[in-house]
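Novice:
Protein chains: 2
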Amino acid sequence: MPIDYKRELESAAKTMILIHDPKTLIKMIVRMIVQKVKVRHAAILLYHKEKNAYVLTVSRGKTGLKIPAGFARMDEDNPLIKFFKLRKDKEIFDDGVVVYGEAKRCLKKNITSQSKQLLKGVIYQMEIFDAVVCIPSYFQDDLLGILLLGKKISGRNFAQDELDFFVALASDVSMAITNAQLFIELQEELDKKHRLFIHTTVALAAAIDAKDHYTHGHTARVTALSLEIAQKLMSKNKRRFDSKFLENLHIAGLLHDIGKIGIPESILNKQAPLTPEERKKIEEHPLIGITILQPIKELEESIKGVKYHHERYDGSGYPEGIKGDKIPLIAAIIAGADTYDAMITDRPYRKALTKEAAVAEIKRVSGKQLAPPIVEAIVGLYQEGKL
Amino acid sequence: MPIDYKRELESAAKTMILIHDPKTLIKMIVRMIVQKVKVRHAAILLYHKEKNAYVLTVSRGKTGLKIPAGFARMDEDNPLIKFFKLRKDKEIFDDGVVVYGEAKRCLKKNITSQSKQLLKGVIYQMEIFDAVVCIPSYFQDDLLGILLLGKKISGRNFAQDELDFFVALASDVSMAITNAQLFIELQEELDKKHRLFIHTTVALAAAIDAKDHYTHGHTARVTALSLEIAQKLMSKNKRRFDSKFLENLHIAGLLHDIGKIGIPESILNKQAPLTPEERKKIEEHPLIGITILQPIKELEESIKGVKYHHERYDGSGYPEGIKGDKIPLIAAIIAGADTYDAMITDRPYRKALTKEAAVAEIKRVSGKQLAPPIVEAIVGLYQEGKL
């Protein structure tokens, strides 16, 4: 047997383990077999749990075989599946591989009529797929799939050591697929947990938000606008924020006003102008937010957004009065979104501004209240009709 | 070469991929090699990222070799590591395997003095470990580990096909370890996300809790007691709750009073007795909680605990007045914990009860307010001094 393709497929089998998408994996294997082993076509039937059926992946190309309609998916009643599931093969072919010619000869042997019946079904299936060899792939005792090989382009028969090699390869494939499925399950669990975290935070933040009658939906809008501003900064300045930054910004947006839970309702919902003491009380909300969130180590970066979202570019903000680039970007972004949203919503002491008027005001406070790049981003979003 | 151990190790290599703890994996391989190959001992040096060093795992047993102090860990300067990292072996031994006898002979050959120096170091290391063969294990281009084999118990030398087989095995091991590391990383990410979710929920729930001046720390105590009650039910009735149930109970405990965010502070913190209207308003909190949490599909089970934690066993509770086994277990558990905690804390209209008095009262309401098994569990916890 030519050692070169054996080596190549073996090393490919090692790489397989790092591919965690079974579909890609199967396509890759089918393509490789056709190219390296120089068979006219190859196909793999792979078990899909959710469909409770074996689904076909076929090599493409000029010599690729056509799949008859209805054969792209096989259930457990298909003779091919039944045969390998029953492991009747052990009785007929001791290495588990079915070779077309041998199977034909086997029909003439002294086997039970039931076995004969099943074998005839297998032979018929092989004829449909124009396959000369079938190799089952098990993981532990489960039939995970079947590899079907067409004739060699050279016209020669497969040698025994080639068949042995395919059995080993099929076993590697089953291992890689089982592994991939475990990865997918774990990844799905992670995605689910992420959704649970975000959704719960959204719900609780919105509930706290609702205590302040004047800012209904404020948290959701500020979060969405903050993420838009970050996208805009990326496209404008070609700076890249990694997914971690965007996730932190998302969380910081949701939690930026969480400290309002510590402000009496009587102040939050006061119709008349606030006294200086009441204003002072309200200005405590970033630090109350910090007190609530500080114990959560994983929120370290998001917390900066909560703490500093009322700082101003010229240093006239609170709680620390830091200025310019000393204000963390995550907080500067939220400050921009927060300021714009406050302008376009009704407040006890004034009506909402129009978008136009709000954007004009945002421009006016550039370099004073807000950082110029943030203002530019908001103006850009406005011009694109995204506000 | 005796085919039996080769087969067994090959099939073991397939199973390896499902073991996601590198330590267990390495121990298993070392043990298997010693048993199957019948060598006097075997050892594996495995790269540890966090330590930036190669750490030794050695076979145990009567014939196990003793590790000199300071050799359980090797850094990149160790000749053995250096040798295989530089892949100098390619120059000296073309298959990457170092055999002690050959290495000694090699010293006499015409190699550079630098190579000779390094080779001497390797030979010295092999002598320390009483190893006759060293097999490197690479993943892509990284040296992941080194397999060290002692003499065969039979006293015979290793044959070439045995060495070839060990090279293949080492490659399988490297694949399994790389895979295991990917799994661990994903699992750690999942754990981190879970902690983030729980911690954030704890923090927000505690903040909402704090709005009600009379129930400081109530949420945390009810959550902890609910989990204790569940544990008690498990040990008493030999019923098993799966980890999912306990997780849902944990979340439900944290969120059970979340609806209080919708109750005016003036009612929550009223010093005087509540009017019937005010009482009615307070009794809305389970349904307000549901309004907040309903959109979160992942919380489906936990939500039952939030919704029904004020139902009573005899049907006299709210919001629906369901009774007995119609009350979901998750809610019945929280009801027990909630009732007990209310009794042992000061309220505007009465002082806290002692633990004794509270447990007596809990017993008195068994079958009326609370489900008997829950009461039994609380009494059991009290008797064990766990309340």
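The listed protein sequences derive, respectively, from chains U and F. For the first sequence, counting from 1, position 175 maps to 436 in the working numbering; every step adds exactly one. For the second sequence, counting from 1, position 204 maps to 465 in the working numbering; every step adds exactly one. Even for Gly, the Cβ is constructed at its ideal location relative to N, Cα and C.
Measure how close the beta-carbons of G585 of chain F and I553 of chain F come, nearest whole angstrom, since I'm counting them as under 8 Å.
Specialist: At roughly 28 Å, the Cβ-Cβ gap does not stay under 8 Å, so G585 of chain F and I553 of chain F are not in contact.
Novice: Output, in chain order, the set of chain F residues within a Cβ distance shorter than 7 Å of P525 of chain U.
Specialist: E526
Novice: Counting pairs of Cβ atoms below 8 Å between the stretch 299–311 of chain U and the stretch 402–412 of chain U, do you hit three or more?
Specialist: yes
Novice: CB E572 of chain U to CB A593 of chain U, shorter than 9 Å?
Specialist: yes
Novice: Taking buried to mean at least 16 other C-beta atoms within 10 Å of its own C-beta, is K565 of chain U buried or exposed?
Specialist: buried
Novice: Comparing alpha-carbon positions, which option in U:K558, U:I396 and U:V295 lies nearest L457 of chain F?
Specialist: U:K558
Novice: Name, going along the chain, the residues of the stretch 429–453 of chain U whose beta-carbon falls closer than 9 Å to a beta-carbon of chain A.
Specialist: Of the protein chains in the structure, U and F, none is chain A.
Novice: Can you tell me the Cα-Cα spacing of A632 of chain F and I623 of chain F, whole angstroms?
Specialist: Computed Cα separation, rounded: 10 Å.
Novice: Here's the rule I'm using: 16 or more other beta-carbon atoms within 10 Å means buried, otherwise exposed. How should P537 of chain F be labelled?
Specialist: exposed
Novice: Any C-beta of chain F sitting closer than 9 Å to the C-beta of I278 of chain U?
Specialist: yes
Novice: Under 9 Å, Cβ to Cβ, is there at least one residue of chain U near H460 of chain F?
Specialist: yes
Novice: Which residue from U:I407, U:E545 and U:A485 puts its Cα closest to that of R348 of chain U?
Specialist: U:I407
Novice: Which whole-angstrom value is the C-beta distance of G523 of chain F and H546 of chain F, which I expect to be below 8 Å?
Specialist: Between G523 of chain F and H546 of chain F a beta carbon distance of about 7 Å is seen, short of the 8 Å cut, so the two are scored as contacting.
Novice: Quick one: what does DSSP say D586 of chain U is sitting in, helix, strand or coil?
Specialist: helix
Novice: By a C-beta neighbour count over all protein chains shown, 10 Å radius and 16 as the cutoff for buried, is D336 of chain F buried or exposed?
Specialist: exposed
Novice: Should I469 of chain F be flagged as near chain U, meaning a C-beta pair shorter than 9 Å?
Specialist: yes
Novice: For chain U, is any of its Cβ atoms less than 9 Å away from the one on P397 of chain F?
Specialist: no
Novice: From M262 of chain U to G416 of chain U, what distance separates their C-alpha atoms?
Specialist: A caution first: M262 of chain U carries a pLDDT of 45, below 50, which makes its placement in the model too unreliable to give a value.
Novice: To the nearest angstrom, how far is it from the Cα of V383 of chain U to the Cα of L341 of chain U?
Specialist: The straight-line gap from Cα to Cα measures roughly 5 Å.
Novice: Determine the extent of the beta strand (DSSP E) in which D403 of chain U is found, giving its start and end residues.
Specialist: In this chain, the beta strand (DSSP E) harbouring D403 of chain U covers D403 to L410.
Novice: Is the beta carbon of I438 of chain U closer than 9 Å to that of L286 of chain U?
Specialist: yes
Novice: Helix, strand or coil, according to DSSP, for T276 of chain F in the structure here?
Specialist: helix
Novice: Beta strand (DSSP E) containing H455 of chain F: first to last residue?
Specialist: Per DSSP, H455 of chain F belongs to no beta strand (DSSP E); it is in the alpha helix (DSSP H), Q421 to D470.
Novice: Smallest Cα separation from F506 of chain U: which of U:Y475, U:T476 and U:S563?
Specialist: U:S563
Novice: Can you tell me which of U:Q296, U:G641, U:A314 and U:H309 puts its alpha carbon nearest to the alpha carbon of E489 of chain U?
Specialist: U:G641
Novice: What separation, rounded to the nearest whole angstrom, lies between the Cα atoms of G612 of chain U and H281 of chain U?
Specialist: Reading off the sequence shown, one finds Lys at residue 612 of chain U, where the question assumed Gly. Going from the Cα of K612 of chain U to the Cα of H281 of chain U covers about 55 Å.
Novice: Under a Cβ-count criterion, where at least 16 other Cβ atoms within 10 Å of its own Cβ denotes burial, should A618 of chain U be classed as buried or exposed?
Specialist: exposed
Novice: Compile a chain-ordered list of the residues in the stretch 557–581 of chain U whose CB is closer than 9 Å to at least one CB of chain F.
Specialist: I557, K558, E559 and L560
Novice: Here's a check: name, in chain order, each residue in its chain whose Cβ is nearer than 7 Å to the Cβ of L529 of chain F, leaving out the five neighbours to either side.
Specialist: The residues are K472, D473 and K521.
Novice: Grab me the residues of D607 of chain U's own chain with a C-beta within less than 6 Å of its C-beta, minus the 5 sequence neighbours each way, in chain order.
Specialist: A613
Novice: Please determine, among F:A603, F:V360, F:M495 and F:F419, the residue with the shortest C-alpha to C-alpha distance to Q386 of chain F.
Specialist: F:V360
Novice: Taking the straight line between their C-alpha atoms, what separation do you get for Y315 of chain F and A333 of chain F?
Specialist: 8 Å
Novice: Do you know offhand how far Y569 of chain U's Cα is from L404 of chain F's?
Specialist: 47 Å
Novice: With a CB to CB cut of under 8 Å and the five nearest residues on each side skipped, what residues in its chain are close to I278 of chain F?
Specialist: Hits under 8 Å: M436, A437 and N440.
Novice: Hey, would you say A491 of chain F sits closer than 9 Å to A481 of chain F, going by beta carbons?
Specialist: no
Novice: Show which residues of chain F have a CB atom less than 9 Å away from the CB atom of R366 of chain U.
Specialist: Chain F residues near R366 of chain U: none, gap ~28 Å exceeds 9 Å.
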